[in-house]
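Going by this note's numbering, 215 is the number at position 202 of the sequence shown; the sequence numbering is gapless. Quick reminder that beta carbons are idealized off the backbone N, C-alpha and C, glycines included. Heads up, the thing below is written out as structure tokens.
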Amino acid sequence: MLVALAAVFVLMSGAFGAILRRREGRWRADLLSDCAGRLAASRLGRDRAGFATLRGRYAGTAVDVRLVPDTLVHRRLPQLWLQVTLRTPLSTGCVLDVLRRPAGAEFYAPDHLPNCYAVPEAWPPDTLVRGTAGADSLHARLAPVLAPILADPRVKEVLFTPDGLRLTLQASQGTRGTYLLLRGSRFPIERVPPELFDGILDAARRLLLVLSETDPETRHARAA
């Protein structure tokens with residue numbers, strides 16, 4: 014009798030586990046479904062972990078969207094980051110990385126960039142600015158438009174490279190109970206709100222507008 018009950022328990026546990034895995038898979042795959050309509054020629058997909066990906070075009074620019082669960086930072090609740098990359102050539106000739114609240118363990122930490130730049134007074138004081146040689150001019154040009162973007166506490170990183178720009182924002186934070194009891198990462202979000210995605214796209218549009226303007230130093234050199 015006990016053996017039969019144990020067998021039934023094992024079968025029920027396995028079936029319940031399979032249901033939970035399917036539910037988790039559907040949740041991960043649907044996270045960006047409400048954002049797809051914001052892009053032209055949008056295509057939803059999945060990464061290796063089953064999290065939704067999104068590709069399309071915004072104002073003629075290629076856009077890649079991905080979700081990154083982050084559990085690396087000790088003594089911090091797990092984070093679900095939304096990364097939006099706009100792939101368009103930028104005439105910067107350098108790399109500039111602006112990171113909020115650096116902990117030193119982020120998977121995207123800009124430690125490899127050689128130069129560290131001063132934080133403008135209008136920016137949050139917990140900002141780290143690093144870049145390659147020549148990024149000081151880019152830093153100065155972008156400082157005014159970046160100030161209101163960085164004022165949003167959900168913003169984690171803004172990265173500029175010759176190939177485009179990337180913005181990283183907090184999509185959700187793990188629940189405290191699950192993390193403390195099981196060290197698991199459960200996020201209380203059904204889907205990424207399209208309003209959040211709209212805000213990222215608008216911020217990217219403003220940054221690209223500044224970058225499309227001729228650098229003052231370049232204008233001066235041409236005039237000479």
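Cβ-based neighbour list, residue i, same chain, cut-off 7 Å, excluding 5 preceding and 5 following
i	result
residue 44	64, 65, 80, 204, 205
residue 72	218
Contact check, residue i vs residue j, beta carbons under 7 Å
i	j	result
residue 137	residue 163	yes
residue 90	residue 82	no
residue 97	residue 213	yes
residue 167	residue 183	yes
residue 51	residue 210	yes
residue 158	residue 223	yes
residue 53	residue 70	yes
residue 100	residue 116	no
residue 105	residue 151	yes
Own chain partners of residue i with C-beta closer than 6 Å, once the 5 adjacent residues on each side are dropped
i	result
residue 68	56, 77
residue 174	108
residue 42	59, 65
residue 129	143
residue 225	none
Beta-carbon contacts of residue i that lie in its chain and below 8 Å, excluding the five residues immediately before and after
i	result
residue 46	57, 65, 204
residue 156	133, 135, 136
residue 207	47, 48, 50, 51
residue 131	142
residue 160	133, 135, 136
As assigned by DSSP and simplified to three states, the class of residue i
i	result
residue 212	helix
residue 93	strand
residue 104	coil
residue 39	helix
residue 219	helix
residue 50	helix
residue 45	coil
residue 82	strand
| field | Touching by the beta-carbon criterion (3+ pairs, under 8 Å), the stretch 179–189 and the stretch 136–156 | value | no
| request: Return the chain-ordered ranges of every alpha helix (DSSP H) run that is complete within the stretch 123–180 and spans a minimum of 4 residues. | output: 148–163
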